[in-house]
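>
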DNA sequence: GAGGCTGGTTTCCGATCGGATACCGCCCTA
DNA sequence: TAGGGCGGTATCCGATCGGAAACCAGCCTC
């Protein structure tokens, strides 16, 4: 009963470290955790506790909040297990899945230009920021 | 002396109405005005007052703030006229110009799925949000 | 029946966002 | 010399963001 529906590789608990990139990343989807949540769900549905691991440092409150917003906006669905009444699973809607395209494009752009982003930032620091 | 450098079509003063789309748009670049500023600059450099028009409702403070952040992050350069000492012009850096690609992709995705976004939102409202 | 895991909620709080308003020096023109 | 455009700055304020910590019911195991 620890597994979701199918055999699904567990997420890397160190997949995201929100401390590292955040302020320099020029793209945001929704709130702080939304993009990471979407990417965590891209291979299939996940449970609350499965999401908490990879989203390093997220609190229950923030995760709930972010998931509720994604649900409200039609990107994620929430489904409680009915048989056991223990556990909840979150998954992408088609709309949410569609979001992954431009999101990945934005992520890739950021990766490609990471050095330039750092350089620009440091250059600005050095001339008196 | 009202014109920037070359002959450049003036921006439509009604180009953006931040009241309309904002909360449903799942993508953000920087702060509230950043994406609009980048798109205003895509055809060439613009002066402060040229930006204020199309960015309906922006205050001097918010515009300055947003421009300073874009400058700090290396997406925009600020250049004061030296001959007349009157006027300042803002333009995209190559890095900022590169941002337009994924930004446009995100905008287009939003346009394409606009109806679905509205529907999802309303559906959620109707079942007790 | 004590403790642990699951999926949260509640309260509190500091930081940031961003609008409103007032004000500023500089320059040009009338 | 008065007024107006330009490119801001200073101050205040309410709203939102998001972390910390405490707490919760339901279920399972020991």
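Residue numbers (our numbering), protein chains in the order written: chain V, 31 to 159; chain Z, 31 to 159.
C-beta: ideal position from N, C-alpha, C; glycine also.
(1) Could you give the first and the last residue of the continuous alpha helix (DSSP H) run that contains residue 101 of chain Z?
(2) By DSSP, does residue 119 of chain V sit in helix, in strand, or in coil?
(3) Specify whether the segment 91–99 of chain Z and the segment 93–105 of chain V touch according to this definition: at least 3 beta carbon pairs, one from each stretch, less than 8 Å apart.
(4) At a cut of 8 Å, does the segment 140–148 of chain V reach the segment 68–79 of chain Z through at least three beta carbon pairs?
(5) Have a look at residue 108 of chain V and residue 119 of chain Z and give me their C-alpha separation to the nearest angstrom.
(6) Note down, in chain order, each residue of its chain lying with its Cβ closer than 6 Å to the Cβ of residue 61 of chain Z, except the 5 sequence neighbours on either side.
(7) Would you say residue 152 of chain V faces chain Z, with C-beta separation under 7 Å as the test?
(8) Since residue 136 of chain Z and residue 132 of chain V should fall inside the 8 Å C-beta cutoff, what is the C-beta to C-beta distance between them, to a whole number of angstroms?
(9) For the candidate residues Z/124, Z/134 and Z/140, whose alpha-carbon lies nearest to that of residue 126 of chain V?
(10) At which residues does the beta strand (DSSP E) containing residue 82 of chain V begin and terminate?
(11) Can you tell me whether DSSP reads residue 71 of chain Z as helix, strand or coil?
(12) Beta carbons nearer than 8 Å to chain Z: which residues of the segment 93–104 of chain V have them?
(13) Kindly say whether residue 146 of chain Z, judged by its beta-carbon, lies nearer than 7 Å to any beta-carbon of chain V.
(14) If we count the other Cβ atoms within 10 Å of its Cβ and call it buried at 16 or more, is residue 33 of chain Z buried or exposed?
(15) Residue 121 of chain V to residue 149 of chain V, Cα distance in whole Å?
(16) Using only the alpha-carbon positions, how far apart do residue 31 of chain V and residue 75 of chain V sit?
(17) Taking 7 Å as the threshold (beta carbon to beta carbon), is residue 63 of chain V in contact with chain Z?
(18) If you reduce the DSSP assignment to three classes, tell me which class residue 127 of chain Z lands in.
(19) Which chain Z residues are close to residue 58 of chain V, counting only those with a beta carbon under 7 Å from its beta carbon?
(20) Any heavy atom of the ligand ATP closer than 6 Å to the Cβ of residue 155 of chain V?
(21) From residue 106 of chain V to residue 86 of chain Z, what does the alpha carbon distance come to, in whole angstroms?
(22) Please report the straight-line C-alpha distance between residue 151 of chain V and residue 54 of chain V, rounded to a whole angstrom.
(23) Looking at the strands, I want to know which residues DSSP matches up with residue 109 of chain Z.
(24) Can you tell me the Cα-Cα spacing of residue 40 of chain V and residue 81 of chain V, whole angstroms?
(25) Residue 135 of chain Z touches chain V at which residues, Cβ-Cβ below 7 Å?
Let me lay it out:
(1) Taking the second chain and counting its residues from 1, the one referred to as residue 101 of chain Z is at position 71. Start and end: 90–102.
(2) Position 89 of the first chain, counted from the first residue, corresponds to residue 119 of chain V. Judged by DSSP in its simplified three-state form, residue 119 of chain V adopts strand.
(3) The segment 93–105 of chain V and the segment 91–99 of chain Z do not touch, with fewer than three beta-carbon pairs separated by less than 8 Å.
(4) Too few Cβ pairs lie closer than 8 Å, so no.
(5) Walking along the first chain from the start, residue 108 of chain V turns up at place 78. Walking along the second chain from the start, residue 119 of chain Z turns up at place 89. Straight-line Cα distance between these residues: approximately 49 Å.
(6) Residue 61 of chain Z sits at position 31 when you count from the first residue of the second chain. Around residue 61 of chain Z: 96.
(7) As a working mapping, residue 152 of chain V is identified with position 122 in the first chain. No, residue 152 of chain V lies away from the interface with chain Z (no Cβ there is under 7 Å from its Cβ).
(8) Sequence index remark: in the second chain, residue 136 of chain Z carries index 106 (1-based). Sequence index remark: in the first chain, residue 132 of chain V carries index 102 (1-based). Residue 136 of chain Z to residue 132 of chain V, Cβ: 5 Å. Contact.
(9) To locate residue 126 of chain V, count along the first chain from 1; it is residue 96. Nearest neighbour of residue 126 of chain V by Cα position, chosen from Z/124, Z/134 and Z/140, turns out to be Z/140.
(10) Taking the first residue of the first chain as position 1, residue 82 of chain V is located at position 52. Looking at the DSSP string, residue 82 of chain V is not in any beta strand (DSSP E); the run it does join, the alpha helix (DSSP H), is 78–82.
(11) Residue numbering aside, residue 71 of chain Z sits at position 41 when the second chain is read from its first letter. Looking at residue 71 of chain Z - three-state DSSP - the assignment turns out to be coil, as it is neither helix nor strand.
(12) Look at the segment 93–104 of chain V: the residues with a C-beta under 8 Å from a C-beta of chain Z are 101, 102, 103 and 104.
(13) One-based indexing of the second chain puts residue 146 of chain Z at position 116. Between residue 146 of chain Z and chain V, the shortest Cβ-Cβ separation is below 7 Å.
(14) By one-based count along the second chain, residue 33 of chain Z stands at place 3. Reliability fails at residue 33 of chain Z, whose pLDDT of 35 lies under 50, so the model's placement of it is uncertain and the value that follows must be treated cautiously. Its Cβ having fewer than 16 others within 10 Å, residue 33 of chain Z is exposed.
(15) The residue labelled residue 121 of chain V in the question sits at position 91 within the first chain. The residue labelled residue 149 of chain V in the question sits at position 119 within the first chain. Going by the C-alpha atoms only, they are around 38 Å apart.
(16) Counting from 1 along the first chain, the entry for residue 31 of chain V is found at position 1. Counting from 1 along the first chain, the entry for residue 75 of chain V is found at position 45. Annotation note: pLDDT 34 at residue 31 of chain V (below 50); position unreliable, coordinate value reported separately. Rounded to the nearest angstrom, the two C-alpha atoms are 14 Å apart.
(17) Within the first chain, the letter at position 33 stands for residue 63 of chain V. Interface criterion not met: the Cβ of residue 63 of chain V is under 7 Å from no Cβ in chain Z.
(18) Counted from its first residue, the second chain places residue 127 of chain Z at position 97. Residue 127 of chain Z: helix per DSSP, three-state reduction.
(19) Looking up residue 58 of chain V in the first chain gives position 28. Neighbours of residue 58 of chain V in chain Z, taken as residues whose beta carbon is under 7 Å from its own, are 58 in chain order.
(20) No copy of the ligand ATP occurs in the structure displayed, which carries no ligand at all.
(21) In the first chain, counting from the first residue as 1, residue 106 of chain V sits at position 76. In the second chain, counting from the first residue as 1, residue 86 of chain Z sits at position 56. Approximately 33 Å, taken between the alpha carbons.
(22) Counting from one through the first chain, the residue named residue 151 of chain V turns up at place 121. Counting from one through the first chain, the residue named residue 54 of chain V turns up at place 24. Going by C-alpha positions, residue 151 of chain V is about 8 Å away from residue 54 of chain V.
(23) Sequence index remark: in the second chain, residue 109 of chain Z carries index 79 (1-based). Z/119, per the DSSP bridge assignment.
(24) In the first chain, counting from the first residue as 1, residue 40 of chain V sits at position 10. In the first chain, counting from the first residue as 1, residue 81 of chain V sits at position 51. Approximately 10 Å, taken between the alpha carbons.
(25) Sequence index remark: in the second chain, residue 135 of chain Z carries index 105 (1-based). Taking a Cβ-Cβ threshold of 7 Å, the residues of chain V close to residue 135 of chain Z are 132 and 135, in chain order.
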